[in-house]
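Participant: Handing you this structure, nothing more for now.
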Amino acid sequence: MSAYLALEKKFRRMNAIGEASGVLGWDMSTVMPAGGAEARMEQLAALSGVQHEILTSREVEDLFAQALEDKGDLGSWQLANLREMQRIWRHATALDGDFVEAQTKAGKRCEMIWREARPNNDFASILPAMKEVLNLTQQEAKIKAELFECDTYDALLDHFEPGGKSMRIDAIFDDLAAFLPDFTQAVLEKQASETAAVMPDGSFSLKAQEALGREMIKAVGFDFNHGRLDVSLHPFCGGVPDDIRITTRYDEADFMTSLMGVLHETGHAMYEHNLPKDWRLQPVGSARGMTMHESQSLIIEMQASRSEEFVSFVAEKAKVAFGGQGTAWAPENMQRIYNKVKPDFIRVDADEVTYPAHVILRYRLEKELIKGSMGLEDLPHAWNDGLEDLLGIRPPNDTLGCLQDIHWYDGAWGYFPTYTLGAMAAAQLFASAKAAVPEIPSALAQGNFGPLMGWLNENVHAWGSFLSTDELLTTVTGHPLDPQVFKAHLKARYLDV
Numbered sequence: 074m075s076a077y078l079a080l081e082k083k084f085r086r087m088n089a090i091g092e093a094s095g096v097l098g099w100d101m102s103t104v105m106p107a108g109g110a111e112a113r114m115e116q117l118a119a120l121s122g123v124q125h126e127i128l129t130s131r132e133v134e135d136l137f138a139q140a141l142e143d144k145g146d147l148g149s150w151q152l153a154n155l156r157e158m159q160r161i162w163r164h165a166t167a168l169d170g171d172f173v174e175a176q177t178k179a180g181k182r183c184e185m186i187w188r189e190a191r192p193n194n195d196f197a198s199i200l201p202a203m204k205e206v207l208n209l210t211q212q213e214a215k216i217k218a219e220l221f222e223c224d225t226y227d228a229l230l231d232h233f234e235p236g237g238k239s240m241r242i243d244a245i246f247d248d249l250a251a252f253l254p255d256f257t258q259a260v261l262e263k264q265a266s267e268t269a270a271v272m273p274d275g276s277f278s279l280k281a282q283e284a285l286g287r288e289m290i291k292a293v294g295f296d297f298n299h300g301r302l303d304v305s306l307h308p309f310c311g312g313v314p315d316d317i318r319i320t321t322r323y324d325e326a327d328f329m330t331s332l333m334g335v336l337h338e339t340g341h342a343m344y345e346h347n348l349p350k351d352w353r354l355q356p357v358g359s360a361r362g363m364t365m366h367e368s369q370s371l372i373i374e375m376q377a378s379r380s381e382e383f384v385s386f387v388a389e390k391a392k393v394a395f396g397g398q399g400t401a402w403a404p405e406n407m408q409r410i411y412n413k414v415k416p417d418f419i420r421v422d423a424d425e426v427t428y429p430a431h432v433i434l435r436y437r438l439e440k441e442l443i444k445g446s447m448g449l450e451d452l453p454h455a456w457n458d459g460l461e462d463l464l465g466i467r468p469p470n471d472t473l474g475c476l477q478d479i480h481w482y483d484g485a486w487g488y489f490p491t492y493t494l495g496a497m498a499a500a501q502l503f504a505s506a507k508a509a510v511p512e513i514p515s516a517l518a519q520g521n522f523g524p525l526m527g528w529l530n531e532n533v534h535a536w537g538s539f540l541s542t543d544e545l546l547t548t549v550t551g552h553p554l555d556p557q558v559f560k561a562h563l564k565a566r567y568l569d570v
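According to my numbering, the sequence shown is numbered sequentially starting from 74.
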């Protein structure tokens with residue numbers, strides 16, 4: 074066991090460095106002055122280089138050989154940890170240290186340009202930096218695909234969804250793309266025949282919005298002794314399990330979007346905070362992957378917080394917070410607002426029905442870009458054509474099109490499909506949670522997430538990366554990821570079927 078324990082020590086140090094990088098990344102996105110960008114790139118690149126050096130030393134290679142030879146002495150969690158260590162090690166040893174540092178710098182440099190390009194609708198200004206990011210990503214994909222004997226896209230996907238296969242995603246997304254147009258049209262026709270939703274009128278101060286958001290995420294269980302809420306251009310959840318950083322963005326004309334955005338990021342935060350503490354800083358104690366991570370954000374935002382029970386609770390809270398009066402603040406109107414389906418341009422603001430189309434578009438485009446079958450110069454036009462095919466709308470500019478998301482610009486290629494896979498997993502998990510704990514809906518009506526979070530802590534969070542995504546879903550719900558459960562949820566919520 075001594076070789077295995079030595080590996081634990083190596084990974085604990087590597088992951089601690091990774092957590093430091095995470096906090097520096099949060100700082101870069103929230104409070105760092107623009108003039109600090111070059112220095113921060115050097116810092117993050119240096120830290121990624123140190124992490125790479127730890128894993129790619131001959132000593133670690135020898136430790137793996139010995140640990141695998143002695144694995145009969147390991148317990149089940151140690152074996153799972155060793156398995157996850159191997160997966161991470163394979164990714165690390167596929168690339169040399171200079172490449173890793175160059176990739177980190179390229180991503181952060183491109184991200185900083187994106188922060189200016191996005192509001193200025195200036196795709197041309199970011200094209201050179203984005204080409205560098207994509208070129209390095211293509212090199213990484215090719216190297217790993219040859220080493221792992223897999224598709225180039227799958228080589229990148231494995232970083233975000235271990236064991237994920239694009240062939241399976243293709244089938245799921247093609248089926249969903251065929252289902253959504255007629256379903257969306259049926260929902261639009263149904264909602265057009267019903268009482269129209271009325272948006273609450275007024276200007277909603279950022280201070281009041283933040284206060285309401287804090288109250289709601291405390292209700293979920295977020296502990297401000299172990300985290301904070303800030304503002305960023307693109308909402309995210311970062312930090313570390315003991316120091317979680319949630320960010321959001323506010324609009325004085327619309328408090329409802331920000332509120333759900335905060336609840337979404339809180340779902341991510343609760344997953345991170347409740348991961349198995351006995352395996353802190355070990356691979357098996359980390360989140361399973363981004364499909365499961367997105368399921369935890371969406372089970373809070375889409376499944377629980379948009380339920381009739383919770384909306385009835387939050388409607389009164391919002392009315393008091395903003396001094397609202399009239400029928401626009403009634404729970405039934407709030408429900409109509411949150412269930413309103415309307416094809417629109419921005420993914421993070423999309424409704425539950427049209428959201429998958431945004432993900433399918435990005436998934437298809439990034440596959441083409443990674444394989445080199447489409448050039449970056451063609452991205453804006455291809456994006457607009459694709460969205461028009463899927464949703465019948467065409468972005469009037471790149472700010473509302475290919476510039477809206479941070480992912481590709483900071484190097485996160487292969488991430489996008491996990492959003493919709495996560496939505497499917499969330500529907501599956503929430504159905505099982507309510508079956509196991511029938512009082513969940515009535516508790517949500519009182520603003521009490523305790524029963525739901527208790528179930529999630531026991532059945533999802535506590536497993537870390539011990540099980541694969543499908544193994545976890547099968548253990549908890551009785552079957553692996555099933556897109557039909559997601560479809561059934563949409564039909565029940567939007568067509569009363």
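Ideal Cβ placement from N, Cα and C applies to all residues, glycine included.
Thinking C-alpha only, which one of 356, 213, 488 is nearest residue 86?
Facilitator: Comparing Cα-Cα distances from residue 86 to each of 356, 213, 488, the minimum goes to 356.
Participant: If you run the structure through DSSP and keep just helix, strand and coil, what is residue 302?
Facilitator: Residue state, collapsed to three classes: strand.
Participant: In whole angstroms, give me the CA-to-CA distance for residue 91 and residue 393.
Facilitator: Using only the alpha carbons, I get a separation of about 42 angstroms.
Participant: Restricting to Cα atoms, I'd like to know which of 121, 160, 195, 467 is closest to residue 180.
Facilitator: Taking only the C-alpha atoms, the option nearest residue 180 is 121.
Participant: What residues in its chain sit with their C-beta under 6 angstroms from that of residue 184, if we drop five residues either side in the sequence?
Facilitator: Contacts found: 482, 483.
Participant: Quick one: what's got a C-beta closer than 7 angstroms to residue 182's C-beta in the same chain, skipping five residues either side?
Facilitator: Within the same chain, residue 182 has close Cβ partners 114, 202.
Participant: Are residue 549 and residue 530 closer than 7 angstroms when you measure CB to CB?
Facilitator: Not in contact: residue 549 and residue 530 (Cβ atoms no closer than 7 angstroms).
Participant: Return the Cβ separation of residue 330 and residue 422 in integer angstroms, given the expectation that the two are a contact with Cβ distance under 8 angstroms.
Facilitator: Right, the Cβ-Cβ distance comes to about 6 angstroms (below 8 angstroms), so this counts as a contact.
Participant: From which residue to which residue does the alpha helix (DSSP H) around residue 216 run?
Facilitator: Per DSSP, residue 216 belongs to the alpha helix (DSSP H) from 196–221.
Participant: With DSSP as the reference, identify every bridge partner of residue 316, one or two as the case may be.
Facilitator: Note: residue 316 sits in a beta bridge opposite 313.
Participant: So residue 165 and residue 129 are supposed to be a Cβ contact under 8 angstroms. How far apart are they, rounded?
Facilitator: Rounded, the Cβ-Cβ distance is 6 angstroms, consistent with contact.
Participant: Quick one: Cα of residue 236 to Cα of residue 349, how far?
Facilitator: Using only the alpha carbons, I get a separation of about 22 angstroms.
Participant: What residue ranges within the region 322–403 form continuous alpha helix (DSSP H) runs of no fewer than 4 residues, ordered along the chain?
Facilitator: Listed in chain order, they are 328–346, 363–371, 381–395.
Participant: What does the Cβ neighbour count give for residue 232, buried or exposed, with the cut at 16 atoms within 10 Å?
Facilitator: Under this definition residue 232 is a buried residue.
Participant: Quick check on residue 271: does DSSP put it in helix, strand or coil?
Facilitator: Reduced to three states, the DSSP call for residue 271 is coil.
Participant: Given residue 480, which residues of its chain have a CB within under 7 angstroms of its CB, disregarding the five upstream and five downstream residues?
Facilitator: So the qualifying residues of the chain are 488, 489.
Participant: For residue 475, name the three-state secondary structure that DSSP assigns.
Facilitator: It is coil, neither helix nor strand.
Participant: Please work out which residues of its chain come closer than 6 angstroms, Cβ to Cβ, to residue 176, disregarding the five sequence neighbours upstream and downstream, and give them in chain order.
Facilitator: Within the same chain, residue 176 has close Cβ partners 209.
Participant: What is the DSSP secondary structure of residue 408, reduced to helix, strand or coil?
Facilitator: Reduced to three states, the DSSP call for residue 408 is helix.
Participant: What span of residues does the alpha helix (DSSP H) with residue 443 cover, start to end?
Facilitator: Where residue 443 is concerned, the enclosing alpha helix (DSSP H) stretches over 428–444.
Participant: Since I believe residue 371 is in contact with residue 495 (beta carbons under 8 angstroms), could you give me their beta-carbon distance rounded to a whole number of angstroms?
Facilitator: Yes, residue 495 and residue 371 are in contact; Cβ-Cβ is about 6 angstroms, under 8 angstroms.
Participant: Counting Cβ pairs, one atom from each stretch, are 3 or more of them under 8 angstroms apart for the region 270–279 and the region 452–459?
Facilitator: Result no; under three Cβ-Cβ pairs closer than 8 angstroms.
Participant: One question on the structure: do residue 290 and residue 335 come within less than 7 angstroms of each other, judged by their Cβ atoms?
Facilitator: Going by C-beta atoms, residue 290 is nearer than 7 angstroms to residue 335.
Participant: Which of the three DSSP states, helix, strand or coil, is assigned to residue 150?
Facilitator: Helix at residue 150.
Participant: Among the residues of its own chain, which have a CB less than 7 angstroms from the CB of residue 207, if the five just before and after it don't count?
Facilitator: Closer than 7 angstroms at the Cβ level, and outside the excluded window around residue 207, lie 442, 449.
Participant: When you compare only the Cα positions, how much space is there between residue 265 and residue 396?
Facilitator: Cα to Cα, the separation comes out at about 29 angstroms.
Participant: Does the Cβ of residue 272 have 16 or more other Cβ atoms within 10 Å, making it buried, or fewer, making it exposed?
Facilitator: Exposed, since its Cβ has fewer than 16 Cβ neighbours within 10 Å.
Participant: Would you call residue 118 buried or exposed, if buried means 16 or more other Cβ atoms sit within 10 Å of its Cβ?
Facilitator: The residue is buried, with at least 16 neighbouring Cβ atoms inside 10 Å.
Participant: Do you know whose CA, among 143, 125, 444, 561, lies nearest residue 225's CA?
Facilitator: Nearest C-alpha to residue 225: 444.
Participant: Quick one: Cα of residue 154 to Cα of residue 539, how far?
Facilitator: So the alpha carbons of these two residues sit roughly 7 angstroms apart.
Participant: Threshold first: 4 residues or longer. Then list the alpha helix (DSSP H) segments lying entirely within the region 487–513, N to C.
Facilitator: The qualifying runs are 490–509.
Participant: Within 10 angstroms of its Cβ, does residue 415 collect 16 or more other Cβ (buried), or is it exposed?
Facilitator: With fewer than 16 Cβ atoms within 10 Å of its Cβ, residue 415 is classed as exposed.
Participant: Taking C-alpha atoms, which residue in 511, 84, 411, 513 lies nearest to residue 124?
Facilitator: For the residues 511, 84, 411, 513, the minimum Cα distance to residue 124 belongs to 84.
Participant: When the Cα of residue 366 is compared with those of 384, 377, 352, 341, which residue comes out closest?
Facilitator: The shortest C-alpha separation from residue 366 is found at 341.
Participant: Is residue 259 helix, strand or coil when you go by DSSP?
Facilitator: Helix at residue 259.
Participant: If you follow the alpha helix (DSSP H) that residue 559 is part of, which residue opens it and which one closes it?
Facilitator: Segment 556–568, the alpha helix (DSSP H) holding residue 559.
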